[in-house]
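Structure record follows, encoded as structure tokens.
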Amino acid sequence: MFLNLELALVINTEAAHTSNLIDIKNQLATVDFKQLIKALGKGVKGSRNLTLVESQQLFAGFACGLVSQVQMASAMMLMRVRGESAEEIAGAAMALKQLVSPSWQQLKVDIDWPVYAGKREQLPWLLLAAKLLAQQGHRVLLHGDSLSLAHRRHVACSVNALDIKAATTAEKAQSALTSDNIVYVEAHDMLPVLDDCRALHQELGLRSLIQMAVRCVNPTNARLSLRSYFHPGLDKQHLAIAKIMANAQPLSSNGHNNYDLLVATFKGLQGETEINPRVSTKVSWLNTQGCSNQSHYQKGVINVGTRLEAFFGAKTGQADLDSAELMHIWQHGELSGSASKLENATEIFEQAMSSVESSLALVIKLLELTQTVKANNPTITNCSEIELSTDDYVYVQTLWQQRYQQKCKAKLQVAQMYSLRCTCLESMSIKPARNARPQYQSLINVLL
1 MFLNLELALV
11 INTEAAHTSN
21 LIDIKNQLAT
31 VDFKQLIKAL
41 GKGVKGSRNL
51 TLVESQQLFA
61 GFACGLVSQV
71 QMASAMMLMR
81 VRGESAEEIA
91 GAAMALKQLV
101 SPSWQQLKVD
111 IDWPVYAGKR
121 EQLPWLLLAA
131 KLLAQQGHRV
141 LLHGDSLSLA
151 HRRHVACSVN
161 ALDIKAATTA
171 EKAQSALTSD
181 NIVYVEAHDM
191 LPVLDDCRAL
201 HQELGLRSLI
211 QMAVRCVNPT
221 NARLSLRSYF
231 HPGLDKQHLA
241 IAKIMANAQP
251 LSSNGHNNYD
261 LLVATFKGLQ
271 GETEINPRVS
281 TKVSWLNTQG
291 CSNQSHYQKG
301 VINVGTRLEA
311 FFGAKTGQAD
321 LDSAELMHIW
331 QHGELSGSAS
341 KLENATEIFE
351 QAMSSVESSL
361 ALVIKLLELT
371 QTVKANNPTI
381 TNCSEIELST
391 DDYVYVQTLW
401 QQRYQQKCKA
411 KLQVAQMYSL
421 RCTCLESMSI
431 KPARNARPQY
441 QSLINVLL
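The numbers in UniProt numbering rise by one with no breaks, and the one at position 198 of the sequence shown is 198.
Here it is, written out as structure tokens:
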């Protein structure tokens, strides 16, 4: 017998991961990985990009121990020099998705929210938006890598301050989603191979396609997947990757595939998956849900206007803010006493709330699209641009104002139920439930 349940869950998770690797390794038994490296480095005239399948084989082979670190490092460097193609990144993302164990893939999630960039000084205000969405009943999976880019402030360092649970196993993630509708997961807990990839990045001092591919995995097949970038042009590449991944999967009898989702990509604040309220943001989206014709995926644009025109300040002092400020803002709607004494406190808070409101309004609009856009309707295959309206912001501001009232109301209801329960038991002289008076029996069954 296991010593405790937690140990049993860890062992079961590791066993499932090992079994998954064995299956993948058997599928790759006949692949000559040297030929893949040769294709990348044959010379100026003879070299070429890897195909979708070859890229998937290469990264899956690395995870299974069939590709050495020297081979993997060489391949990543050669792809970096040539410039990674959308097919190569999609292949890497598909390999990573294949490596995610079924226990993770079976989690029921509405919003896939990758948070890998971190921010230079600012707190991750996006957590306030994510927590509010969870309070509204949307199940949110945040996942990132706090061990990369150590000089940045990663989401992982702030989740505890806002009472957002961090899970290391699928079972713990399920528990958090059941109780709170939101959870944070370190990517290497879902994909251990990312530890080896990060080690190569740090030793070589180079970025690689893995850092983009991991954002495209959507490990739980959530109906909405957010993707952020910093460098111009990556929005088109993200959409191309999403389309390639969807096209690569055979449709089932109901016209769906494993990549049925709405992907939204935008230039995030300092690269993080959060709207920058100081500039206008173009959000490009691609919808593949329920699409029976893979060549007619819907696409569109949502324009998030500038919330802070000619805004100055808030550039200094942000590094001095502790993560505890997130909970203080959540509970009280303002910075704490000590933080409010900062020189730019007003500007910092204004920027924070504008970012929260813009990010929240965007995600709510995207969730509406997942429900209202029908891919089999040819008249809306290519949707026109959508502007976030004043009504959108009024709605999210109302949600924000009600955020803590709902929690306090729930606590009051629990307290009232407990008081009523005690009254019932006292009136029965704490008799066993089976002998309870008929008028109290149903109530006690609910309260106990």
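The beta carbon of each residue, even a glycine, is placed where N, CA and C say it ideally should be.
None of these values were measured; they are calculated from a predicted model.
- If you check the CB distance, L321 and A339 come in under 7 Å.
- K119 and N303 have their C-alpha atoms some 23 Å from each other.
- Setting aside the 5 residues that flank it on each side, S354 is surrounded in the same chain by P277, R307 and L308, each with a C-beta closer than 6 Å to its C-beta; the list follows chain order.
- Secondary structure of Q298 (DSSP, three-state): strand.
- Counting of Cβ neighbours within 10 angstroms places T372 among the exposed residues, the total staying below 16.
- Nearest neighbour of N20 by Cα position, chosen from A187, K45 and V193, turns out to be V193.
- Inter-residue distance for G41 and K34 is about 11 Å (C-alpha atoms, whole angstroms).
- DSSP, read as helix, strand or coil, puts N181 in coil.
- If you ignore the 5 residues before and after E87, its C-beta comes within less than 8 Å of the C-beta of N49, L50, T51, L52, S55 and I244, all in its own chain and listed in chain order.
- Residue state for D112 is assigned as strand, using DSSP reduced to three classes.
- Spanning the alpha carbons of R207 and K25 requires a straight line of approximately 27 Å.
- If you draw a straight line from the Cα of L66 to the Cα of L209, it comes to about 20 Å.
- In chain order, Y116 and A187 place their CB closer than 6 Å to the CB of D145, counting only its own chain and leaving out the 5 sequence neighbours on each side.
- In this structure, Y184 lies near V159, with their beta-carbon atoms less than 7 Å apart.
- Here the stretch 232–242 makes contact with the stretch 79–95; the two share three or more CB pairs at distances below 8 Å.
- Runs of alpha helix (DSSP H) with 4 or more residues, each lying fully within the stretch 105–182, are found at 126–135 and 170–180, listed in chain order.
- Its chain contains D112, N218, L261 and V263 as the residues whose beta carbon lies nearer than 6 Å to that of S225, once the 5 sequence neighbours on both sides are disregarded; these appear in chain order.
- Looking from the CA of I164, the closest CA among D180, Q174, M212 and S175 belongs to D180.
- Here the C-alpha atom of A352 lies approximately 9 Å from the C-alpha atom of L123.
- Only residues of its own chain outside the window of five on either side were considered, and among them L99 and V193 have a CB closer than 6 Å to the CB of A63, listed in chain order.
- Residue range L262 to K267 is occupied by the beta strand (DSSP E) that includes F266.
- The residue from Q397, L367 and Q174 with its alpha-carbon nearest to that of L286 is L367.
- Setting aside the 5 residues that flank it on each side, W330 is surrounded in the same chain by L128, K131, L162, R403 and Y404, each with a C-beta closer than 8 Å to its C-beta; the list follows chain order.
- Of the other Cβ atoms in all chains shown, 16 or more fall within 10 Å of the Cβ of K172; this residue is therefore buried.
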